[in-house]
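Engineer:
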Amino acid sequence: MNIDRKATIAAYKDRKVEAGIFAVRCPATGGLWLGQAPDIATIQTRHWFSLRLGSHSNRALQAAWQAQGEEGMVFEVLELLPDETDAIARASQLRDALRRWRNQLAAPAI
Numbered sequence: 006m007n008i009d010r011k012a013t014i015a016a017y018k019d020r021k022v023e024a025g026i027f028a029v030r031c032p033a034t035g036g037l038w039l040g041q042a043p044d045i046a047t048i049q050t051r052h053w054f055s056l057r058l059g060s061h062s063n064r065a066l067q068a069a070w071q072a073q074g075e076e077g078m079v080f081e082v083l084e085l086l087p088d089e090t091d092a093i094a095r096a097s098q099l100r101d102a103l104r105r106w107r108n109q110l111a112a113p114a115i
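At position 18 of the sequence shown (counting the first as 1) the number is 23 in the working numbering, and the numbers step up by one without a gap.
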């Protein structure tokens with residue numbers, strides 16, 4: 006199989022990046038954790054990777070993962086932010102949205 010490396014890299018760089026708020030749920034225990042991400046499409050992979058290694062910074066989430074396994078966890082996008090070209094404005098919108106969701110769901114941040 007011949008893959009054009011330059012074309013693949015260019016396509017990755019040209020993809021639309023969406024910022025948003027996400028939740029990680031553990032239905033068996035009722036655990037819920039909220040987070041924000043400037044690139045919502047890649048954040049689950051990052052968290053699942055550190056959870057698999059046993060090195061996630063959130064100890065409660067890591068404990069739930071250890072007890073329930075990957076099959077016992079659910080990743081869910083709660084909100085996508087409107088496209089914003091200004092990185093400072095986007096970061097502010099992410100903070101505000103996360104604060105709003107945390108207050109609404111009474112859940113800790115990741």
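For every residue, glycine included, the Cβ atom is placed at its ideal position computed from N, Cα and C.
Just so you know, these numbers come straight off a predicted model, no measurement behind them.
1. Would you be able to state if there are at least three C-beta pairs under 8 Å between the stretch 54–70 and the stretch 82–92?
2. Please report the residue range of the alpha helix (DSSP H) in which Leu58 lies.
3. For Arg30, write down the residues that DSSP places opposite it in a beta bridge.
4. Does the beta-carbon distance from Ala112 to Trp53 come in below 9 Å?
5. Can you look up Leu86 in the DSSP assignment and give me helix, strand or coil?
6. Starting from Asp101, follow the alpha helix (DSSP H) in both directions and report where the run begins and ends.
7. Let me check understanding here. Comparing Cα to Cα, which of Ala46, Ser55, Leu66 lies closest to Thr34?
8. With 16 other CB atoms within 10 Å as the buried threshold, where does Ala24 fall?
9. Evaluate Leu110 with the Cβ neighbour count: other Cβ atoms within 10 Å of its Cβ, from every protein chain shown; 16 or more gives buried, anything less gives exposed.
Structural biologist: In terms of the structure at hand:
1. no
2. 45–58
3. Leu37, Val79
4. no
5. coil
6. 92–110
7. Leu66
8. buried
9. exposed
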